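K.L.:
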Amino acid sequence: MPRLSFPTFAVALCAMLALGAPPATRAAEPVLAVAYAGSMGAVMDRALGPAISRQAHVQFQGRGAGAFALAHLLADRRLRADVFVSITPGPIEVLRKAGLVDVAVPVASTQMVIAYSPDGPHAAAFRDAAAGRVAWYEVLRRPGLRFGRTDPTTDPQGRNIVFAMLLAQDYYHQPGLAAALLGDFQHNAAQIFAEPSLLSRLQSGQIDASSGYLSAVISHKLPYIKLPAQINLSDPAMQRDWYSRVHFSITGADGRPQQLSTQPLVFYAALLKNAADAQAGRAFIELMQGEQGRTMFAAYGYGAPLGGALR
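My numbering applies: residue 33 is where the sequence shown begins, and numbers increase by one.
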């Protein structure tokens, strides 16, 4: 192996210092582990994660998936995280019952939309629906149209699209609309995909349209159809007298039937009691609640946090 002369070694050392700390220094930084609803991938990976890494000098390690699936993994101690960010209160309640969470604070909100492929065979019809020239649900009835959604067993979004369709059939006076568009609510392999891959499948043309949260759809720069407030689950004022009218049942992981009800489309953040780095976890929640975090959320299509803390 050739030996470096002293001048050559000195130049190499200066170059390393100019480029920044070597990998060993980065590896020495503590890890901030965050489990979050899968639809939040873009804002976590591109904005919030890098921001907390700079501010708290930590390595941000995020894991996105269906919020109920993550909550059960955390509750069973098969997954460890410092912070959990959920959509809707339901997954937070799983952790509260497991003794892992005392309080969760709202950090953002969203609404249900129908996203569609801009280059798919039905794109023109969806553009007409987005402009109000045709009914969006009639476009979804088209033969051969491939619609995607997530699993209502493990993911709140999978539940929320069912609720939205049930509300739509009442709002538009279209009996049976939800079943006609979704088939079996819980078991439909042609429609149900893992949340982190759903919009990617839409972007790649594997499906023609999908359910989506407005925040995630904007983050992925996809076209979408905005739904009325009576359907999109965004207005807490409609919860008691309108949204709460719809229910459906699934078979839970324990084999027992479970009746589901609507919940606010609010993102909640909680520090877990078994957090390895509680200080960094609190700093991350403060970032999301603060002006900088709200600006980041807004840039990725999220609405302001709604309601109070969950206790």
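Even glycine gets a Cβ: it sits at the ideal position worked out from N, Cα and C. Computed from a predicted model, the values in this text were never measured in an experiment.
Please work out which residues of its chain come closer than 8 angstroms, Cβ to Cβ, to alanine 56, disregarding the five sequence neighbours upstream and downstream, and give them in chain order.
P.N.:
As a working mapping, residue 56 is identified with position 24 in the sequence shown. At alanine 56, the pLDDT of 48 sits below 50, so the modelled position is not reliable; the number obtained from the coordinates is stated separately. Excluding positions up to five away in sequence, the list is empty.
K.L.:
From the DSSP output, which residues share a beta bridge with proline 289?
P.N.:
As a first step, residue 289 is located in the sequence shown; it is residue number 257 there, counting from the start. Proline 289 pairs with Thr283.
K.L.:
Are the C-beta of glutamine 238 and some C-beta of chain D separated by less than 7 angstroms?
P.N.:
Absent here is chain D; the protein component of the structure consists of one chain.
K.L.:
Can you say whether arginine 181 is buried or exposed, counting buried as having 16 or more other CB atoms within 10 angstroms of its CB?
P.N.:
Counting from one through the sequence shown, the residue named residue 181 turns up at place 149. Under this definition arginine 181 is a buried residue.
K.L.:
Nearest to valine 194 by CA position, among Gly176, Met328, Pro153, Val278, is which residue?
P.N.:
Looking up residue 194 in the sequence shown gives position 162. Closest by alpha carbon: Val278.
K.L.:
Along the chain, where does the alpha helix (DSSP H) that runs through methionine 320 open and close?
P.N.:
Here residue 320 refers to the residue found at position 288 when the sequence shown is read from its first residue. Start and end: 310-321.
K.L.:
In the DSSP assignment, what are the bridge partners of alanine 140?
P.N.:
Position 108 of the sequence shown, counted from the start, is the residue given in the question as residue 140. Partner(s): Phe299.
K.L.:
In terms of alpha-carbon separation, which member of Gly287, His252, Leu259 lies closest to alanine 162?
P.N.:
For this step, residue 162 is matched to residue 130 along the sequence shown. When only C-alpha atoms are compared, the closest one is Leu259.
K.L.:
Just verifying my parser: in three-state terms, what is the DSSP assignment at alanine 67?
P.N.:
As a working mapping, residue 67 is identified with position 35 in the sequence shown. Three-state result, alanine 67: strand.
K.L.:
Under a three-way DSSP split, which group does arginine 272 fall into?
P.N.:
The count along the sequence shown starts at 1 and reaches residue 272 at position 240. It is coil, neither helix nor strand.
K.L.:
State buried or exposed for glycine 333, treating a residue as buried only when at least 16 other CB atoms are found within 10 Å of its CB.
P.N.:
Here residue 333 refers to the residue found at position 301 of the sequence shown. Classification for glycine 333: buried.
K.L.:
With respect to the beta strand (DSSP E) encompassing lysine 258, which residues constitute its N-terminal and C-terminal limits?
P.N.:
What you label residue 258 is simply residue 226 of the sequence shown in a count that begins at 1. Its beta strand (DSSP E) spans residues 256-258.
K.L.:
Determine the contact status of proline 352 and alanine 140, defining contact as a CB-CB distance below 7 angstroms.
P.N.:
Nothing can be reported for residue 352, as the shown portion of the chain is limited to 33 through 343.
K.L.:
Using DSSP with H/G/I as helix, E/B as strand and the rest coil, what is arginine 326?
P.N.:
Locating residue 326 in the sequence shown gives position 294, where the first residue counts as 1. Note: arginine 326 maps to helix in three-state DSSP.
K.L.:
Does the segment 259-277 come into contact with the segment 292-302, if we say contact requires no fewer than three beta-carbon pairs (one atom in each stretch) closer than 8 angstroms?
P.N.:
The segment 259-277 is in contact with the segment 292-302.
K.L.:
To the nearest angstrom, how far is it from the Cα of tyrosine 245 to the Cα of isoleucine 224?
P.N.:
Residue mapping note: residue 245 aligns to position 213 of the sequence shown, counting from 1. Residue mapping note: residue 224 aligns to position 192 of the sequence shown, counting from 1. Distance between the alpha carbons of tyrosine 245 and isoleucine 224: 16 angstroms.
K.L.:
List, from N- to C-terminal side, the alpha helix (DSSP H) runs of 4 residues or more that fit wholly inside the segment 66-97.
P.N.:
Fully enclosed alpha helix (DSSP H) runs of 4 or longer: 81-88.
K.L.:
Going by beta-carbon coordinates alone, are alanine 69 and aspartate 114 separated by less than 7 angstroms?
P.N.:
Here residue 69 is taken as the residue at index 37 of the sequence shown, counted from 1. Here residue 114 is taken as the residue at index 82 of the sequence shown, counted from 1. Contact flag unset, no.
K.L.:
For proline 82, count neighbouring C-beta atoms within 10 Å of its own C-beta (all shown protein chains included) and say buried if the count is 16 or more, exposed if not.
P.N.:
Here residue 82 refers to the residue found at position 50 when the sequence shown is read from its first residue. With fewer than 16 other Cβ atoms within 10 Å, it is exposed.
K.L.:
The alpha helix (DSSP H) that contains serine 266, what's its start and end?
P.N.:
Residue mapping note: residue 266 aligns to position 234 of the sequence shown, counting from 1. No alpha helix (DSSP H) contains serine 266, which DSSP labels as neither H nor E.
K.L.:
Between phenylalanine 280 and phenylalanine 179, which are expected to be in contact by the criterion C-beta below 8 angstroms, what is the C-beta distance as a whole number of angstroms?
P.N.:
Here residue 280 refers to the residue found at position 248 when the sequence shown is read from its first residue. Here residue 179 refers to the residue found at position 147 when the sequence shown is read from its first residue. With a Cβ gap of about 18 angstroms, phenylalanine 280 and phenylalanine 179 do not count as contacting.
K.L.:
On the DSSP letters alone, give me the boundaries of the beta strand (DSSP E) that phenylalanine 179 sits inside.
P.N.:
On the sequence shown, residue 179 is found 147 positions in, with the first residue counted as 1. 179-182 is the extent of the beta strand (DSSP E) around phenylalanine 179.
K.L.:
I need the DSSP call for leucine 111, collapsed to helix, strand or coil.
P.N.:
Residue 111 sits at position 79 when you count from the first residue of the sequence shown. Note: leucine 111 maps to coil in three-state DSSP.
K.L.:
Which first and last residues belong to the beta strand (DSSP E) in which serine 243 is found?
P.N.:
Residue numbering aside, residue 243 sits at position 211 when the sequence shown is read from its first letter. Per DSSP, serine 243 belongs to the beta strand (DSSP E) from 241-245.
K.L.:
Apply the 10 Å Cβ neighbour rule to glycine 284 and answer buried if 16 or more other Cβ atoms are within range, or exposed otherwise.
P.N.:
Translated into positions along the sequence shown, residue 284 becomes position 252. Classification of glycine 284: exposed, given that the 10 Å Cβ count is below 16.
K.L.:
In this structure, how does DSSP classify alanine 53 when only helix, strand and coil are distinguished?
P.N.:
Counting from one through the sequence shown, the residue named residue 53 turns up at place 21. At alanine 53 the pLDDT is 44, less than 50, meaning the model places this residue with poor confidence and gives no usable figure here.
K.L.:
Just list the residues that DSSP pairs tyrosine 148 with in beta bridges.
P.N.:
Within the sequence shown, residue 148 is the residue found at index 116, counting from 1. According to DSSP, tyrosine 148 bridges with Ala241.
K.L.:
Quick check on leucine 304: does DSSP put it in helix, strand or coil?
P.N.:
For the purposes of this step, residue 304 is identified with residue 272 of the sequence shown, where counting begins at 1. Leucine 304 falls in the coil class under three-state DSSP.
K.L.:
Closer than 6 angstroms by C-beta to aspartate 240: which residues in its own chain qualify, once you throw out the five before and the five after it? Chain order, please.
P.N.:
Residue mapping note: residue 240 aligns to position 208 of the sequence shown, counting from 1. The answer, listed in chain order, is Ser149, Gly152, His154, Leu177, Arg178.
K.L.:
Give me, in chain order, the residues of the same chain whose beta-carbon lies closer than 7 angstroms to that of isoleucine 317; leave out the 5 immediate sequence neighbours on both sides.
P.N.:
Sequence index remark: in the sequence shown, residue 317 carries index 285 (1-based). Contacts found: Val115, Val137, Ala301, Leu303.
K.L.:
Would proline 121 and valine 90 qualify as a contact pair, given that the criterion is a beta-carbon distance under 7 angstroms?
P.N.:
Locating residue 121 in the sequence shown gives position 89, counting from the first residue. Locating residue 90 in the sequence shown gives position 58, counting from the first residue. The answer is no: Cβ separation not under 7 angstroms.
K.L.:
Within 10 Å of its beta-carbon, does proline 175 have 16 or more other beta-carbons around it, so buried, or fewer, so exposed?
P.N.:
Residue numbering aside, residue 175 sits at position 143 when the sequence shown is read from its first letter. With fewer than 16 Cβ atoms within 10 Å of its Cβ, proline 175 is classed as exposed.
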